[in-house]
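**Student:**
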Amino acid sequence: MTRISASAGAEFRIALRNRWVTIAVAMMALFSMVLSAAGSAPTGALGVDKLSVTVASLTSLAVYLVPLVALLMSFDAIAGEVERGTLPLVLTYPVSRAELLLGKFVAHLAILALAVAVGYGIAAGAAFYFDPRASAGLPALFRLFWTSLLLGAAFLAIGYALSAIARRPGAAAGLAIGLWLVMIVLYDLGLLAGVVADGGGYFTTHVFPWLLIGNPADAFRLYNLAASEATAAAAGISGAANTIPPGQALASILLWPLVGLGLATLAFRKVTP
Amino acid sequence: MTSLTLSQVTKTFGANRALDGVGFTVAPGERVALLGHNGAGKSTLMKIILGLIPFDSGAITVLGAAPGSHAARRKVAYLPENVAFHPSLTGLEQLRYYLRLRGERPATAMDLLARVGLADAAKRRIGTYSKGMRQRVGLAQALIGNPRLLVLDEPTSGLDPVSRREFYAMLDGLAAEGAAILLSSHALTEVEARTDRIVILSKGVMVANDTLAALRRQAALPIHLHVTTRPDQADAVARSLDGARMNGVTVDLTCGHDQKLARLGQITALGAMIEDVEVIPPSLEDLYSHFSRQTDTRTQP
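If you read the protein sequences in the order shown, they are chains A and B. The letter at position 257 of the first sequence is residue 257 when you use my numbering, and the numbering goes up by one with no holes. The letter at position 42 of the second sequence is residue 315 when you use my numbering, and the numbering goes up by one with no holes.
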């Protein structure tokens, strides 16, 4: 435990010095502000409170941004140590590779939590400013916060696995961006194309729902939108996904960080310093 | 009980035999120098002892445990060649981190840095350090937690002569407390006086493993006698001793170990013609090339 916290402390300090903390917080804050400004138009017709609407738009934002920030922080974790030559020494210390990885994970997750809290805080503040009924949306906001952390945790862990597999920061960065593009952007387009081509056949009814919750980003979106009152306000894919119980989506976002960390540990063990 | 035992350790990288049947021991309190050309297998051997890379065959025990096991890592300190740290951390932060990893009190970090002469730079980022200063951080971390075996890869590279002397004094202290030390070096002259035993690796083969005195006997390399003569006597002295005249006043003689006293007798017999005599035993450099050459002839029949 001291070893994990020691590693987390050093890692957090490095991220602070390297401006990663500032960059992550600034990115989330900026996007939240843009979102709040864009959504400040009156929405009285919808009959829901302002914060619930904000949460729905924040969900769409988080799906893109949280995995990106997580991958940006994690791609260098192991490849960077290999490149700098700091790995051989630390591996002769009485600390396991899993503990080193968990230390980095704790630090990066804390930074992510800070960034997400600041970003969502700004958006919530704006919602409260425009609509005194906004407190109705607080449970949804809270849910969005902790599921965002789980989503971030999943992509941090996947980033570590990529970093260990690539062993060079440049290659790891390429892999991370590629993964983000495939899992966040192209995945849904591909599924959509599949559904359209299938025309309501076996793929749409049996394969598609599993493919959807198999991707942590989609599971995150499904869970938050299904549990939110404001589904109708922002959902693009939720219509097709109504058949998926939120519990399964939640299980997916809970499971992904664990699977990711397991993969990352396995990949890290194969790295010879 | 020995601190480190290796027997018949073999490691190949593809077709390249990096280590071939290497076996030696290091006892508690013993300082052993590991010598060899670049690529002789020194760093590979050290990484194997630390459990960083696996070996193909043979046996290794580190403080009674397997290399790289938790029990071994708790009591082994390592200083890698060209040690590197994260440039964003200060020396103090880096050392506090290492102390916590070893379960030691982080508050002792400043003392350790002071021991290696880095107290003034402790709160500066390592990115601003010179190579010698980074090397000192490396030394400081190797002193953490009373290690029983120190594996030091080129520990004095980048250090100035005064720091080197301080470093070896520190090693003497650790050895006196019973720590076993295995160090590699290119600076043969400094190893000569400061280690108890010498292991020479050449192309992955161990060609020597003994004290310096025993290696000298084994190699039976000629001893040099530098005879300084009175002015204008050099030619006469060279003729009568059958040696080579170097310049106006010096005559250089070589002889085997067993002829040394007889030769000295001949020189003293010349009496007033002689100003001074200097006996130069084969240096570690000579021994080193002698033993390294053995493998060259062996591998190229």
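Using N, Cα and C, we set each Cβ at its ideal position, and we do this for glycine too.
Using the rule of at least 16 other Cβ atoms within 10 Å of the residue's Cβ for burial, across every protein chain shown, is residue 286(B) buried or exposed?
**Tutor:** Taking the first residue of the second sequence as position 1, residue 286(B) is located at position 13. With fewer than 16 other Cβ atoms within 10 Å, it is exposed.
**Student:** Looking at residue 374(B) and the ligand NAP, is the gap between the Cβ and the nearest heavy atom below 7 Å?
**Tutor:** No copy of the ligand NAP occurs in the structure displayed, which carries no ligand at all.
**Student:** Report yes or no: do the segment 322 to 331 of chain B and the segment 487 to 494 of chain B share at least 3 C-beta pairs separated by less than 8 Å?
**Tutor:** no
**Student:** By the criterion of Cβ-Cβ separation under 8 Å, what are the contact partners of residue 14(A) in chain B?
**Tutor:** Here residue 14(A) is taken as the residue at index 14 of the first sequence, counted from 1. Per Cβ cutoff of 8 Å: 359, 361, 362.
**Student:** Tell me which residues of the segment 61 to 93 of chain A have at least one Cβ-Cβ distance to chain B shorter than 8 Å, keeping chain order.
**Tutor:** 84, 85, 86, 88, 89, 90, 91, 92, 93
**Student:** Are the segment 118 to 130 of chain A and the segment 22 to 39 of chain A in contact at 8 Å, needing three or more beta carbon pairs?
**Tutor:** yes
**Student:** Would you list the one or two residues that DSSP bridges to residue 551(B)?
**Tutor:** Indexing the second sequence from 1 puts residue 551(B) at position 278. 499(B), per the DSSP bridge assignment.
**Student:** Are the C-beta atoms of residue 355(B) and some chain A residue less than 8 Å apart?
**Tutor:** The residue you call residue 355(B) lines up with position 82 of the second sequence. It does; some Cβ of chain A falls within 8 Å.
**Student:** Taking Cβ-Cβ distances shorter than 7 Å, what residues in chain B pair up with residue 95(A)?
**Tutor:** Taking the first sequence and counting its residues from 1, one reaches residue 95(A) at position 95. By Cβ distance, chain B contributes 374.
**Student:** Return the chain-ordered list of same chain residues with a C-beta closer than 6 Å to the C-beta of residue 165(A), the five sequence neighbours on each side being excluded.
**Tutor:** Locating residue 165(A) in the first sequence gives position 165, counting from the first residue. The answer, listed in chain order, is 267.
**Student:** Spell out the partners DSSP gives residue 426(B) in its beta bridges.
**Tutor:** Taking the first residue of the second sequence as position 1, residue 426(B) is located at position 153. Answer by DSSP bridge pairing, in chain order: 457(B).
**Student:** Return helix, strand or coil for residue 48(A), following the three-state DSSP convention.
**Tutor:** Here residue 48(A) is taken as the residue at index 48 of the first sequence, counted from 1. DSSP places residue 48(A) in coil when its eight states are reduced to three.
**Student:** Can you list, in chain order, the residues of its chain whose CB lies under 8 Å from that of residue 407(B), leaving out five sequence neighbours each side?
**Tutor:** Residue 407(B) sits at position 134 when you count from the first residue of the second sequence. Within the same chain, residue 407(B) has close Cβ partners 356, 357, 358, 399, 431.
**Student:** Count the other C-beta atoms from every protein chain shown that fall within 10 angstroms of the C-beta of residue 293(A), then say buried if there are 16 or more, exposed otherwise.
**Tutor:** Since the displayed chain A opens at 1 and closes at 273, residue 293(A) lies outside it and no answer follows.
**Student:** Kindly say whether residue 273(A), judged by its beta-carbon, lies nearer than 8 Å to any beta-carbon of chain B.
**Tutor:** As a position in the first sequence, residue 273(A) is number 273, starting the count at 1. Closer than 8 Å: yes.
**Student:** Counting only runs that start and end within the segment 394 to 451 of chain B, where is the alpha helix (DSSP H) found for 4 or more residues in a row?
**Tutor:** 404 to 415, 434 to 449
**Student:** Which bits of chain A does residue 347(B) rub up against, with CB to CB less than 8 Å?
**Tutor:** Taking the second sequence and counting its residues from 1, the one referred to as residue 347(B) is at position 74. For residue 347(B), the chain A residues whose C-beta falls within less than 8 Å of its own C-beta are 94, listed in chain order.
**Student:** Pick from 360(B), 354(B), 459(B): whose alpha carbon is nearest that of residue 18(A)?
**Tutor:** Numbered from 1 along the first sequence, position 18 holds the residue referred to as residue 18(A). That would be 360(B), whose Cα lies nearest to the Cα of residue 18(A).
**Student:** Taking Cβ-Cβ distances shorter than 7 Å, what residues in chain B pair up with residue 2(A)?
**Tutor:** The count along the first sequence starts at 1 and reaches residue 2(A) at position 2. Within 7 Å Cβ-Cβ: 373, 376.
**Student:** Would you call the segment 99 to 114 of chain A and the segment 64 to 73 of chain A touching, i.e. three or more CB-CB distances under 8 Å?
**Tutor:** The segment 99 to 114 of chain A, when compared against the segment 64 to 73 of chain A, does touch it at the 8 Å Cβ threshold.
**Student:** Is residue 259(A) helix, strand or coil by DSSP?
**Tutor:** The residue you call residue 259(A) lines up with position 259 of the first sequence. In the structure shown, residue 259(A) sits in a helix (DSSP, three-state: H, G or I).
**Student:** For residue 247(A), count neighbouring C-beta atoms within 10 Å of its own C-beta (all shown protein chains included) and say buried if the count is 16 or more, exposed if not.
**Tutor:** For the purposes of this step, residue 247(A) is taken as residue 247 along the first sequence, with counting starting at 1. Flag for residue 247(A) reads exposed.
**Student:** Are the CB atoms of residue 371(B) and residue 417(B) within a distance shorter than 8 Å?
**Tutor:** Counting from one through the second sequence, the residue named residue 417(B) turns up at place 144. Counting from one through the second sequence, the residue named residue 371(B) turns up at place 98. Yes. Within cutoff.
**Student:** Which of the three DSSP states, helix, strand or coil, is assigned to residue 292(B)?
**Tutor:** Reading the second sequence from its first residue, position 19 is the one you call residue 292(B). Strand at residue 292(B).
**Student:** Counting only Cβ-Cβ distances shorter than 9 Å, please list the residues of the segment 323 to 334 of chain B near chain A, keeping chain order.
**Tutor:** 323, 324, 325, 326, 327
**Student:** Taking CB distances under 8 Å as the criterion, tell me whether residue 17(A) reaches chain B.
**Tutor:** Numbered from 1 along the first sequence, position 17 holds the residue referred to as residue 17(A). Yes, because at least one Cβ of chain B sits closer than 8 Å to the Cβ of residue 17(A).
**Student:** Of all the CB atoms in chain A, is at least one closer than 8 Å to the CB of residue 578(B)?
**Tutor:** In the structure as shown, chain B begins at 274 and stops at 574. Residue 578(B) is therefore absent and cannot be evaluated.
**Student:** According to DSSP, simplified to helix, strand and coil, what is residue 281(B)?
**Tutor:** Residue 281(B) sits at position 8 when you count from the first residue of the second sequence. Residue 281(B) falls in the strand class under three-state DSSP.
**Student:** So which of 564(B), 279(B), 278(B), 397(B) has the shortest CA-CA distance to residue 487(B)?
**Tutor:** In the second sequence, counting from the first residue as 1, residue 487(B) sits at position 214. The alpha carbon of residue 487(B) has as its nearest neighbour, out of 564(B), 279(B), 278(B), 397(B), the alpha carbon of 564(B).
**Student:** I need the DSSP call for residue 272(A), collapsed to helix, strand or coil.
**Tutor:** For the purposes of this step, residue 272(A) is taken as the residue at position 272 of the first sequence. In this structure, residue 272(A) counts as coil in the three-state DSSP scheme.
**Student:** Take every Cβ of the segment 296 to 309 of chain B, pair it with every Cβ of the segment 454 to 461 of chain B, and state whether three or more of those distances are shorter than 8 Å.
**Tutor:** yes
**Student:** When the Cα atoms are used, what is the spatial distance from residue 261(A) to residue 82(A)?
**Tutor:** Within the first sequence, numbered from 1, the residue matching residue 261(A) stands at position 261. Within the first sequence, numbered from 1, the residue matching residue 82(A) stands at position 82. In a straight line, the C-alpha of residue 261(A) is about 19 Å away from that of residue 82(A).
**Student:** What number of angstroms, rounded off, separates the C-alpha of residue 35(A) from the C-alpha of residue 123(A)?
**Tutor:** What you label residue 35(A) is simply residue 35 of the first sequence in a count that begins at 1. What you label residue 123(A) is simply residue 123 of the first sequence in a count that begins at 1. The straight-line gap from Cα to Cα measures roughly 8 Å.
**Student:** In the DSSP output, what is residue 479(B) paired with across the bridge?
**Tutor:** Mapped onto the second sequence, residue 479(B) falls at position 206. Paired residue(s): 474(B).
**Student:** Anything in chain A within Cβ reach of residue 402(B), meaning under 8 Å, just list it in chain order.
**Tutor:** By 1-based counting over the second sequence, the position of residue 402(B) is 129. What residue 402(B) touches in chain A: nothing, since even the nearest Cβ is about 14 Å away.
**Student:** Which same chain residues, not among the five before or five after residue 162(A), have their C-beta less than 7 Å away from its C-beta?
**Tutor:** Mapped onto the first sequence, residue 162(A) falls at position 162. So the qualifying residues of the chain are 75, 172, 175, 176, 179.
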